[in-house]
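Student: Please read through the structure below; I'll follow up with questions.
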Amino acid sequence: MPCLVSAGSNAHGQLANGTIDDSHAFATCIFNDLPPDCQIVDLCCGANHTLLLLENREGIHELWGCGDGRAGQLGPDWVEPGISFHPIMLNRDGYIPKMISASWETSYIVLTRLGQRDVLISMGADDFGDLGVGTSHSAAGTHTVELPCEGEIITALYAGQHHVVIQVDGTHLVGWGLSRHGQLGEPKSKVAIPRIIPIEGQIVSIALGAQHTALLLTSGHVIGLGSNRKEQLHGLEIISNVRMVGCTWNGTYAVVDDRICSTGSHSKGQLGRSLTGPYVEFPHNHHLKKLACGTEHVLVLFDVVEGEPEVWGWGWNEHGNLGLGTTEDIPRPVKLWPRDSVPSSGKAVDIWAGSGTSWIYVR
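Those letters in the sequence shown? Residues 1 to 363, by full-length UniProt numbering.
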């Protein structure tokens, strides 16, 4: 059975720990009738709901969820309370979930079937065209998102607060949702139906903030689209040799070697550094494996030379989402896992960050 721990905001049970109370320390998540030998593939968070992609012992993916499903973001069969993970049945004959993502109150699932084109479905709220199905549809139920390009395979799926970007066949970039700041390119307006985003260069990774988009190219350079009001795009064009990119709501984080170049809002310590230099620094024996950005906090998973993997974090901590037992914001990186007070707390193998929430997959 997978061991998943979570901390932070929990008003609707989105931490899956059996309560609706914020958790200021990492606590084990609860699963309803979880089959044996499942593994966690991916996790994503909306405002108050969480989606989980599991792989069962037969190698088949399953969709699970918890938290607030009142807008339909947890599927048509959701029932209260959502304080633990439960399976979500999509009733798409022969199709299995391959990718997941979530905006504020909307969920997105890529479905795959042998010999067929991938299918993208959306469910939940449609406040800014989030569903990607135009304005003539009811928001209720699940929706098939029609794409404006020919393609067989959806190779990437990313969602911000109210905009979505996907990649088809590794080449076409497609987006929809809120774009009044240009986060989906031109023209700057709400995009209720998916449209092509013209970009020169091959994209290897994408990250979305609240009002901006960061695109990592194979060249190691980053293209920024959208708002720069919080300087979240400042200096991105001069950074090179970037191997990972992430976005909080109002910041951008580019991994160069084992350091992070951060830019954007620092009102809650989100940049993780002093204002005199661009880089977040870590111990020299720490090799950065994964970057996970929440709304306004950041987690990093490290491989450590001659040691166990470690999770570090910093930034906004109002809901105790850094799992340190406090609600004070953390302006510099601190170790979150393993917990020094619990020697057998387990080895961290993956991390995710959401809307005031943090998640660690432990073995």
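C-beta: ideal position from N, C-alpha, C; glycine also.
Predicted model, so just to flag it, every value in this text is computed and none were measured.
Answer yes or no: do V311 and I360 have a C-beta to C-beta separation smaller than 7 Å?
Tutor: yes
Student: Just how far apart, CA to CA, sit G235 and I88?
Tutor: When rounded, the distance between both Cα atoms is 42 Å.
Student: State buried or exposed for H162, treating a residue as buried only when at least 16 other CB atoms are found within 10 Å of its CB.
Tutor: buried
Student: Between D257 and Y279, what straight-line distance do the alpha-carbon atoms span, to the nearest angstrom?
Tutor: 11 Å
Student: Quick one: measure Cβ to Cβ for K230 and G264, integer angstroms, because I've assumed they're closer than 8 Å.
Tutor: 5 Å
Student: Shorter than 7 Å from the beta carbon of I154 to some beta carbon of chain D?
Tutor: No chain D appears in the structure shown, which is made up of a single protein chain.
Student: Buried or exposed, going by whether 16 or more other CB atoms sit within 10 Å of the CB of D340?
Tutor: exposed
Student: Among I199, C66, R273, which one has its Cα closest to the Cα of P333?
Tutor: Selected option, being the one with the closest Cα: R273.
Student: Distance, Cα to Cα, S84 vs S240?
Tutor: 43 Å
Student: Helix or strand or just coil, what does DSSP make of E310?
Tutor: Per DSSP, reduced to three states, the secondary structure at E310 is strand.
Student: Let me know if Q183 comes out buried or exposed under the rule of 16 or more other beta-carbons within 10 Å of its beta-carbon.
Tutor: buried
Student: Would you say H86 and G325 are within 7 Å of each other, going by their C-beta atoms?
Tutor: no
Student: Taking the continuous beta strand (DSSP E) assigned at F302, which residues delimit it?
Tutor: That run of the beta strand (DSSP E) goes 297-304.
Student: Give me the Cβ distance between T135 and M123, rounded to the nearest whole Å; I'm assuming they're in contact under 8 Å.
Tutor: T135 to M123, Cβ: 17 Å. No contact.
Student: Let me know the secondary structure DSSP gives L236 once reduced to three states.
Tutor: helix
Student: Over the uninterrupted beta strand (DSSP E) stretch that includes K335, give me the two end residues.
Tutor: 330-337
Student: Among the candidates T155, S138, P2, whose CA atom is the shortest distance from the CA of V119?
Tutor: The candidate whose alpha carbon is nearest that of V119 is T155.
Student: Could you tell me the alpha carbon to alpha carbon distance between N285 and L216, rounded to whole angstroms?
Tutor: 26 Å
Student: Spatial neighbours of N48 within its chain, please: C-beta separation below 6 Å, excluding the five flanking residues on both sides.
Tutor: H12, Q14, G67, D68
Student: Could you pull the start and end residues of the beta strand (DSSP E) that V133 belongs to?
Tutor: Looking at the DSSP string, V133 is not in any beta strand (DSSP E), and its letter there is neither H nor E.
Student: Got a sec? Which residues, its chain only, sit under 6 Å from S227 by beta carbon, not counting five neighbours each side?
Tutor: Excluding sequence neighbours, S227 sits near H181, Q211, H212.
Student: Taking DSSP as the reference, what is the three-state secondary structure of M89?
Tutor: M89: coil per DSSP, three-state reduction.
Student: Please identify the residue among G82, L51, I60 whose C-alpha is closest to the C-alpha of I20.
Tutor: G82
Student: My output table needs one value for R273: the three-state DSSP class, helix, strand or coil.
Tutor: coil
Student: So, for P2: in the same chain, excluding its five sequence neighbours on each side, which residues have a beta-carbon less than 7 Å away from its beta-carbon?
Tutor: C38, Q39, I40, Y361
Student: Going by DSSP, what residue range makes up the beta strand (DSSP E) through G65?
Tutor: First-last of the beta strand (DSSP E) with G65: 61-67.
Student: What number of angstroms, rounded off, separates the C-alpha of Q309 from the C-alpha of S6?
Tutor: It should be pointed out that residue 309 corresponds to Pro in this sequence rather than to Gln. When rounded, the distance between both Cα atoms is 17 Å.
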